[in-house]
Amino acid sequence: VLDFLSYVGGLPGFSHLRLLFVGLGRLLQRTGLLSLVLPVADLLLLTPLRLLGFLAPPPRESAAEAAARFTAEFEELHGETHPRFFRGSCSEALSRARREAKFCLVYLHSAAHPAAASTCDELIANALFAAFVD
Numbered sequence: 418v419l420d421f422l423s424y425v426g427g428l429p430g431f432s433h434l435r436l437l438f439v440g441l442g443r444l445l446q447r448t449g450l451l452s453l454v455l456p457v458a459d460l461l462l463l464t465p466l467r468l469l470g471f472l473a474p475p476p477r478e479s480a481a482e483a484a485a486r487f488t489a490e491f492e493e494l495h496g497e498t499h500p501r502f503f504r505g506s507c508s509e510a511l512s513r514a515r516r517e518a519k520f521c522l523v524y525l526h527s528a529a530h531p532a533a534a535s536t537c538d539e540l541i542a543n544a545l546f547a548a549f550v551d
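418 is the number of the first residue of the sequence shown in the working numbering; add one for each residue after it.
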């Protein structure tokens, strides 16, 4: 890898190309557009390389980690009053509900939905709703 990088670095015009990309990266970082460009670049450039087996797939968070992250984000935005969120996968929640002969309430959340914030604030973070569900 180092031999290849030193070979590419010695090609004519590479220093100009490198300067262009470094400058573009700094501009995107300062304007805040870098956070928009990176997912697109990942999708267009890295996904095909992963599919072909040239790159390892990105590490996936477990269902428990995703639930813990969602709970922390929910509490930061809407407070600590809410029903207990199950920390596991959907199939684990269904198995537990079946085993304990209880209902399983599923809430599908998308922060992009216009009513998501009001639903969380007015319904899910409501003490009466939380007591009823728990």
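Here a beta-carbon is modelled for each residue, glycine too, at the ideal position from N, C-alpha and C.
Owing to the predicted nature of the structure, the values given are computational and were not obtained by experimental measurement.
Figure out for me which residue from the options has the closest Cα to the Cα of residue i.
i: L455; options: H530, G442 and E482; result: G442
i: H495; options: L451, F549 and T536; result: T536
i: A510; options: H499, P474 and A481; result: A481
i: F503; options: L522, G449, R516 and A528; result: L522
i: T498; options: I541, C507 and L436; result: I541
i: S508; options: P531, E493 and S479; result: S479
Starting from residue i, trace the alpha helix (DSSP H) in both directions and tell me its first and last residue.
i: E550; result: Reading the sequence as shown, one finds Val at residue 550 and not Glu. Run containing V550: A544 to V550, per the alpha helix (DSSP H) assignment.
i: S508; result: C507 to E517
i: V454; result: L451 to A458
i: S535; result: A533 to T536
Could you compute how far the alpha carbon of residue i sits from the alpha carbon of residue j?
i: L447; j: F546; result: The displayed chain sequence assigns Arg, not Leu, to residue 447. Between R447 and F546, the C-alpha separation is close to 44 Å.
i: F438; j: D459; result: 16 Å
i: V418; j: L472; result: Residue placement at V418 cannot be trusted, given a pLDDT of 48 that sits under 50; what the coordinates show is reported in the next sentence. Each residue's alpha carbon lies about 15 Å from the other.
i: P474; j: A533; result: 31 Å
i: L469; j: L461; result: 13 Å
i: T488; j: L466; result: 34 Å
i: R486; j: H433; result: 42 Å
i: R515; j: A529; result: 32 Å
i: L444; j: L450; result: 8 Å
i: P429; j: G440; result: 19 Å
i: F491; j: L436; result: 42 Å
i: D551; j: K519; result: 11 Å
i: S512; j: P500; result: 19 Å
i: E539; j: S506; result: 26 Å
i: R477; j: H526; result: 19 Å
i: A548; j: A484; result: 20 Å
Assign residue i to one of two classes, buried (16 or more other C-beta atoms within 10 Å of its C-beta) or exposed (fewer than that).
i: A544; result: exposed
Alpha helix (DSSP H) segments (min. 4 residues) lying fully within the segment 460-497
464-468 and 480-495
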